[in-house]
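> Counting in our numbering, the sequence shown runs from 1091 upward without gaps.
Note that the Cβ used here is the ideal one computed from N, Cα and C, for glycine as well.
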Amino acid sequence: MYLINILREIYFQLILFHVSLLSYAVRHIYLILKLFKHMSSLSGRNGLAWLASGAHLELVNSVTGERLSAYRFRGIGEQPPTILAIKEFCWLKRTGLLIGLKESEGSILCLYDLGVSRVVKAVFLPGKVTAIEPIINHGGASASTQRLYQSLRWFFGIAAVVTDTGHVLLVDLCLDFSSITDVFADLEVVNRSPAEIPRMRENVVREGRHLCFQLQSPSGVGATALSYVARTNQLAVGFSNGYVQLWNLKTLKKEYYSQLEGGKVPVFAFTFQEPENDPRNCCYLWAVQSAQDSEGDVVSLHLLQLAFGDRKNLTSGQILYEGLEYCEERYTQDLTLGMFSSRTRNTNARLLGCQTVEKFRNHADRDETTSPDTSVSIFSWQVNTYGQRKPSSYLGIFDINRWYHAQMPDSLRAGEQLHNCPYFALWSLDAVVGMTFPHYLLDVLVHERNLSRGVAPSYPPPEQFFNPSTYNFDATCLLNSGLVHITCPGFQKETLNYLKKTGPCLSKAIPDGYSRCLMAGLLSPRLADVHPSSLTQEEQLEAILSAAVESSSLGLITGCIKQWTAEEQPRSAASLRFVLEWTWKKITRTKEELDNICVPLFDGSCNFIDSHTLQSLQHCQMLLSNLTTIVNCFLTEAQELTERGLVDLMNKRTVGSLIAQYAQVVLWFCRAGLLPEGSDDVDVLQLSRPVYNYPVIQNYYTNRRQKLERLSRGRWCSDCLMIDGVVSEIGDHLEQLWRQDEGGTGKYPPSTLHALLDVYLLENVNETTKHTIAIYLILDILSSVSNKNESSIESFPPAFAVPVGLVNLIQGFWLLDHNDHENALDRILHPATSRSISSWQHIRIIQALMCQGEHSKALRYLQAMKPSMSSISELKLHLTVLLFNRCVVEAWNLLQQNASRINLEGLLMHMYELCQEMGLMEDLFKLPFNTTEQECLEKFLTTSGSLQNYEFLLVHHLQRANYVPAIQLNQSLKMNLNDHDPQVRERTAARNSILEQYGKVLPKVQRKLATERANPYRSAVFREVKRPKPLSTMAKRTTSGNVLTRATFINTVLSKVNEVWQGNEKGNHSPINRVAFLLFRLLDSLVELKTQSLLTTESTLFTQSKASPSWMTTSPLQSYTVNTGYLTAITKASELKLLQTPPVVKRTRAFTTSESAFASFTPQSILRSSLRPTPLGSPSASPSRSLTPPLRAKETKISFLEEKLTVRWTNGVCVL
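Pasting the structure below:
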């Protein structure tokens, strides 16, 4: 019933709506409470927001608006208390609030546990609490409490409290006693350094009281603000008369006490700020003066500079300033005067909130903790002017590092305003107020995670880029009725949004857009000092387009392209042509800049890479990616294009995407430590990063190929390394590419990383194949160095979206090439591994296993993967694997299922040969044979001519009850074989004995006939005949005339044919041409005959393999070609010349570090070298370094696929 009464008293409702504004986007609003006299705040640490009214408290999640807790406090008397102060507090992995309540006779300090929605501690305090600040959430003699006063270290949980009478108290929260009680505990005030604090605390806690130290007794001047600065270990206290105190909690002494320049205006808030790397050990404390009532008209900021003698880096990673030397006010800013030319007495102003956002960046070259790279203080305030219905709200960001850059002025200089100040940025929140009115704004919290400047438009960025006006951030506004989430863009993003809205009318807004980009720092630094009037309109437009590309605001350009292509106006066509030409020029310049950056990475002139080079590479990669997106937009939005125009766009898109990917891969190799490329003297340098040791890797693969050549013994294909198959699938242009570097052999591995990365510039190679070669080389590099770093191979696939299944497949191939067959098969056959393996990969895997004697593993792979058999060679290879594992029945069934009438005899002969070689003839004879199979077997056994095969045939006849052929064969053997050998005589006797027993089953006549047929000329009959007589013995004369021989006849015919040809020709052929013509006709006929014979003898097993188009692929590692069709008659475009990289000449590193050595050292030229001439990138030039071959027209000849299926078999073994 108690909770029901609370819910009845608090009216809860939730409304969600969306608002879109020019300067910021309001995302959504959660209306939670409707209260009238509120106290509110937002917390950035745990995302809490609370509203309080009287004794009611409501807590919600500041991000989602979810209600977390609600509570109604009860007081000592009949009147309910009033909530005066709230502060977030965490202890023992619990989250809660420190709450100050006003009672009739004093105040109560409560510790509220958010998890159980209960008050777990309550302490009665004198006076009226005005502010609360937690100091520490634990206690005892630990390292974290050493910075406190010795007596305070006995406290467990300390909260600082100030009252309206001037009390400054340090209260022991007694967190080591976690019992929950509803009794209000009294306060026991002790001296600063009593000798028996532990015993006194034990007695006081037993009596139900809390100890406290009183830093300042009541002075009659109320304390209004309180803040604990952990880095200086100081407690800052502000008073209603404008004074500020700084208490050192190590000594409990007052180190500073002075009045601010704002006079007797109450100090309302503090916030601490630290600059970046101040050598004087200075830090800063903001003190904000504001009356916060209906009559207050001042909101002034005062920056106090604190100079310390020492700055320590604690073991916990925190920073501690010690030894305050001086404190003085260095900067003052009246926020109301900054908004209005003169303050009127009818103006009311109040502070909404203040906070400091700091971001630290890890520096690999620095061991100690550094100061924050980003340090900004954020203030929000509200101004009410008489006569205006709605108040005006603002948010300001002060960047202390930019204040240092501006020579640390003490206030705004003459003529400066807050909206154009280089270190103070201003945003208006009037749109939020106008949308939520009459609900009023209570607090504003900026999310630290989302505070960023974005991407720099150039490197080094212009000065305007570092101004606080370029920050983009999200914020949460707390109203008396709910939460509002807003997104505030910086001036740069707002300028880009303005240009995007202009759209097709950009040509009319060029002057205004150029001025805005110049003020926002979006233009190149070289244009900062150029007056806009000295530039033409085209130059200004190019600058605006560059700003859009540099900031990745492609919507500006793509929106214009879409709009212009939809229009049919001459001006639109000219604009499109201008943008396209500018885009290609930008790609060309970016490629030149990329080449200049990459040359030192490959020529050995540097050992390490700096952050500037990395940023430049990343910038080039971003530009190329954005420019390629623009070209792709042209290609997708174009409605009517000529054939030539379409080809040009496709070439530009291809070149841009390839160069962008090349830059991305180079950037990854630099971040992984593989670039700059290592020197030949690796031992001298002793680099900690992995280095590509080409001689070691090359020696391994050379030995590996030689070993496979020895193991093949002419039976197996020795070219069975998987990486060699990947390289050969790309084509000859990759071999030529890898031969051009010094020491390159055209085979894997490439001689340099330069040669490897140039693979990414080949235009007709699948991206997956490029990644395969790169991952393969990374594995080789990791295996060749001692300091292995597995994170390199783990980071490459996610960086380039390589699937996990493909990575497992590549690792399996690498293990197979490195003779680790068991782990290789485990990788390849893993369920997560990609199953898209092409036919040539199946063949190479099986060949590699069979060549190295791993017959059982080859059978395991065959049974698990079940590769297709689309050709006779693949079917024979399957039969070979089965027979080498003595699986005769399985091989026989496979042959019968896949054989056809055309290839049956060849397959049978192959199987018979393997069975004879493996000693499986006995198992073979147990199989059922049809007529064709039996005839082939008899043919195989009789054509070899060996005694063993004849005996096998004899046994085969006997098994099939073919006794007559068996007897005849035996009789043939007895007559034709030499019986002088004792073993032959013994085998012959045994064979005759067996045949004699089998012959008894035949009738005597049939047995006699079989014997006689085997020897038909056994009983020869000699007969004498008379000598024949000639028909005539008289010689006669022949008739006169020439004897016409065959040669004479052919010669005569050819002469007549020659006369006919000479009569038909026009006389423009010389004798040499006529002979050449005859030879060409003869060669054409021979080519035609050979083509027909090839197509006849090497036909494939399945006709569907012939019908498959050449552009289809079944493997992610198989290279592909694009069937362009209409591009067949077009030669290589000039755009493809960009796919060249400059020649790299290895330099000799200088190992000395003295300045004189560098002065005398003259580096070699990185331009053209006589050792490696730069190829011309003309359309007619031959393929050169990083220059892929042009698209060729299809010819009417034997297809490349059919030539690949040409297989030669030697002794029953496939030779590719």
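Near L2228, what residues of its chain come up, given a Cβ to Cβ distance below 6 Å and the 5 sequence neighbours on each side ignored?
Excluding positions up to five away in sequence, the list reads K1681 and V1745.
> For a quick check, are the C-beta atoms of E1538 and S1461 less than 8 Å apart?
In this structure, S1461 does not lie closer than 8 Å to E1538 by Cβ.
> Find out if the Cβ-Cβ distance for the pair L1952, I1936 is shorter than 8 Å.
The answer is yes: Cβ separation under 8 Å.
> Using three-state DSSP, classify C1180 as helix, strand or coil.
Strand at C1180.
> Determine the burial state of R1401: buried for a count of at least 16 other Cβ atoms within 10 Å of its Cβ, exposed for fewer.
Result: buried.
> Please determine, among E1351, F1469, N1438 and S1390, the residue with the shortest C-alpha to C-alpha distance to E1418.
Comparing Cα positions, the closest option is E1351.
> Are the beta-carbon atoms belonging to G1524 and K1583 less than 8 Å from one another?
Going by C-beta atoms, G1524 is not nearer than 8 Å to K1583.
> Take F2241 and list the residues in its own chain whose beta-carbon comes closer than 6 Å to its own, dropping the five residues that flank it on each side.
Low local confidence applies: a pLDDT of 39 at F2241 is under 50, so the model's placement there is unreliable, with the coordinate-based value given in what follows. There are no such residues.
> Give the secondary structure of K1343 by DSSP, where H, G and I count as helix, E and B as strand, and everything else as coil.
Three-state result, K1343: strand.
> With C-beta atoms as the reference, is V1756 less than 8 Å away from L1765?
A contact, by the Cβ cut-off of 8 Å.
> Got a sec? Which residues, its chain only, sit under 7 Å from W1672 by beta carbon, not counting five neighbours each side?
Same-chain partners within the cutoff: E1632 and L1635.
> Per DSSP, which one or two residues make a beta bridge with Y1484?
Y1484 is bridged to W1471 and S1518.
> Does the segment 1675-1694 come within contact of the segment 1702-1710, defined as at least 3 CB pairs closer than 8 Å?
The segment 1675-1694 is in contact with the segment 1702-1710.
> How many Å lie between G1190 and G1611 at the Cα?
Cα to Cα, G1190 sits roughly 48 Å from G1611.
> May I have the straight-line CA-CA distance separating G2157 from T2142, to the nearest angstrom?
Any reading at G2157 needs caution, since the residue's pLDDT is 46, under 50, leaving its predicted position unreliable; the model's value is listed next. Looking at the two C-alpha atoms, the distance is approximately 23 Å.
> Flag this pair as touching only if the segment 1273-1281 and the segment 1312-1323 have three or more C-beta atom pairs under 8 Å; answer yes or no.
No, they do not touch.
> Residues in its own chain within less than 7 Å of G1353 by CB, not counting five upstream and five downstream?
Once the five neighbours on either side are set aside, the close Cβ partners of G1353 are G1332.
> Output needed for L1204: all residues of its chain with C-beta closer than 6 Å, excluding positions within five of it in sequence on either side, in chain order.
Here the set comprises S1159, T1185 and G1186.
> Quick check: what's the CA-CA separation for S1706 versus D1463?
Near 21 Å, if we compare the C-alpha coordinates of D1463 and S1706.
> Going by DSSP, what residues sit across from V1258 in a beta bridge?
Answer by DSSP bridge pairing, in chain order: V1252 and Q1306.
> Can at least three beta-carbon pairs, one atom from the segment 1836-1848 and one from the segment 1958-1978, be found at a separation below 8 Å?
No: the two stretches stay apart, fewer than three of their Cβ pairs being nearer than 8 Å.
> Note down the Cα distance separating S1623 from L1149, rounded to an integer number of angstroms.
Those two C-alpha atoms are separated by around 58 Å.
> Contact defined as beta carbons within less than 8 Å: I believe K1041 pairs with W1654. What is the distance between those atoms, to the nearest angstrom?
Not covered by the structure: residue 1041. The range shown for the chain is 1091 to 2306.
> Could I get the ranges of all uninterrupted alpha helix (DSSP H) runs contained in the segment 1793-1876, with 4 residues as the minimum, in chain order?
Runs of the alpha helix (DSSP H) inside the segment 1793-1876: 1812-1820, 1822-1829, 1843-1847 and 1857-1874.
> Under DSSP, the beta strand (DSSP E) around K1598 begins and ends at which residues?
It is not in any beta strand (DSSP E) - K1598 carries neither H nor E in the DSSP assignment.
> Among the residues of its own chain, which have a CB less than 6 Å from the CB of S1470, if the five just before and after it don't count?
Excluding residues within five positions, the ones whose Cβ falls inside 6 Å are L1442, G1443, L1485 and V1534.
> Between which two residues does the alpha helix (DSSP H) harbouring C1723 extend?
From DSSP, the alpha helix (DSSP H) with C1723 extends over S1701 to E1727.
> With DSSP as the reference, identify every bridge partner of Q1363, one or two as the case may be.
Y1374, per the DSSP bridge assignment.
> Across which residues does DSSP place F1246 in a beta bridge pair?
BP columns for F1246 point to G1229.
> Could you spell out the range, first to last residue, of the beta strand (DSSP E) harbouring K1681?
Unbroken run through K1681 is the alpha helix (DSSP H), P1660 to F1692; no beta strand (DSSP E).
> So for E2012, helix, strand or coil by DSSP?
The answer is helix: DSSP assigns E2012 an H, G or I state.
> I need the straight-line Cα distance from Q2230 to F1563, nearest angstrom please.
Each residue's Cα considered, the two are about 42 Å apart.
> Would you kindly report the start and end of the unbroken beta strand (DSSP E) that includes N1438?
That run of the beta strand (DSSP E) goes T1437 to K1449.
> The alpha helix (DSSP H) spanning R1734 covers which residue range?
It spans E1733 to R1761 - the alpha helix (DSSP H) in which R1734 sits, taken as one unbroken run.
> Taking DSSP as the reference, what is the three-state secondary structure of A1175?
Three-state result, A1175: strand.
> I'd like the list of long-range same chain contacts for E2285, defined as Cβ closer than 7 Å, with 5 residues on each side in sequence excluded.
Residue confidence is low: E2285 scores 37 on pLDDT, short of 50, so the model does not pin down where it sits. No coordinate-derived value is stated.
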